[in-house]
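The working numbering numbers the first residue of the sequence shown as 1026 and each following residue consecutively. For every residue, glycine included, the Cβ atom is placed at its ideal position computed from N, Cα and C. Below is one structure, written out as structure tokens; the observations come after it.
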Amino acid sequence: MRMPFRLRSPTQLLRARDGSTAVELAFVAGPFLALIFAILEMGFSYLLMTSLDRGTAAAARQIRTGQIKTGGQKQFEDVICQGALNWVGEANCRDNLGVSVRVFPTWGQVTAENPVANKVYTKPTRFETGDANSIIVVQTFYMHKLFVPQMNPAMERVGGGNILLQSAASFRNEPWIAGQSWNGS
1026 MRMPFRLRSP TQLLRARDGS TAVELAFVAG PFLALIFAIL EMGFSYLLMT SLDRGTAAAA
1086 RQIRTGQIKT GGQKQFEDVI CQGALNWVGE ANCRDNLGVS VRVFPTWGQV TAENPVANKV
1146 YTKPTRFETG DANSIIVVQT FYMHKLFVPQ MNPAMERVGG GNILLQSAAS FRNEPWIAGQ
1206 SWNGS
């Protein structure tokens, strides 16, 4: 039977090893869990970003081929929310998705829209698909609430513990014939 530890001298305390594993775990557990949660947060943000990129490319292709015309913003959002971002839920997707589709006369005049000023996000509303051979810039924005509050200072671009993910595509519309659909009928 083991006898309880009794301190006979101060140097004995320095040599004692009972409970050292628990103390070492207490030192390491906090940073280890922080690292695990940071990896999960970054991974989820990356998954959202790649899904937004995929959805933006698919929806932009429909504008480029003339399948989505001016006024078809709901159809454009459907391609993204029911396609690439369907796993986040359609209501959540529509609430957090911002779309800007603009027409430019020349490539030299193309500019990107920045919907953030002083850490305040203003949802873009411009949706112009242009005609055949028009130069188009499509930007999509997705507001994501961070799960790990300690990640806010490192990742947030807008206030309230949110990050704004964005994707863009620029292209010239294909030379479709007015009144015809993309498949020539």
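Query raised in the report: So, do the region 1101-1115 and the region 1127-1136 have three or more beta carbon pairs nearer to each other than 8 Å?
Result: Not touching, per the Cβ criterion.
Requested in this report: Give the secondary structure of Ala1193 by DSSP, where H, G and I count as helix, E and B as strand, and everything else as coil.
Outcome: Indexing the sequence shown from 1 puts residue 1193 at position 168. Strand.
Query raised in the report: When you compare each of Ile1160, Pro1056, Met1168, Ile1064 to Gln1191 by their alpha carbons, which one comes out closest?
Result: Start at 1 with the first residue of the sequence shown, and residue 1191 comes out as number 166. Nearest C-alpha to Gln1191: Met1168.
**Report entry** Own chain, CB closer than 8 Å to Ile1061, minus 5 neighbours either side, in chain order
**Finding:** Numbered from 1 along the sequence shown, position 36 holds the residue referred to as residue 1061. Around Ile1061: no qualifying Cβ.
Report task. Using the Cα positions of Ala1137 and Val1113, report the straight-line distance between them to the nearest angstrom. Result -> The residue you call residue 1137 lines up with position 112 of the sequence shown. The residue you call residue 1113 lines up with position 88 of the sequence shown. Their Cα atoms are separated by approximately 26 Å.
Query raised in the report: Near Asp1120, what residues of its chain come up, given a Cβ to Cβ distance below 6 Å and the 5 sequence neighbours on each side ignored?
Result: Locating residue 1120 in the sequence shown gives position 95, counting from the first residue. If we look at Asp1120 and ignore the five residues flanking it on each side, it has no Cβ neighbours.
**Report entry** One or two residues paired with Ile1188 in a DSSP bridge
**Finding:** Here residue 1188 is taken as the residue at index 163 of the sequence shown, counted from 1. The partner list for Ile1188 (beta bridge, DSSP) reads His1169.
Query raised in the report: How far does the beta strand (DSSP E) with Gly1044 in it reach, from first residue to last?
Result: The residue given as residue 1044 occupies position 19 in the sequence shown. Gly1044 -> no beta strand (DSSP E), and no H or E assigned at all.
Requested in this report: Could you say if the region 1184-1200 and the region 1067-1081 meet the contact criterion of at least three C-beta pairs nearer than 8 Å?
Outcome: yes
Query - Same chain only: Cβ atoms within 6 Å of Gly1123, ignoring 5 sequence neighbours per side - result: Position 98 of the sequence shown, counted from the first residue, corresponds to residue 1123. So the list reads Lys1148, Pro1149, Phe1166, once near-sequence residues are dropped.
Report task. May I have the straight-line CA-CA distance separating Phe1052 from Ser1045, to the nearest angstrom? Result -> Against the sequence shown, residue 1052 aligns to sequence position 27. Against the sequence shown, residue 1045 aligns to sequence position 20. If I take the Cα positions, the gap works out to 11 Å.
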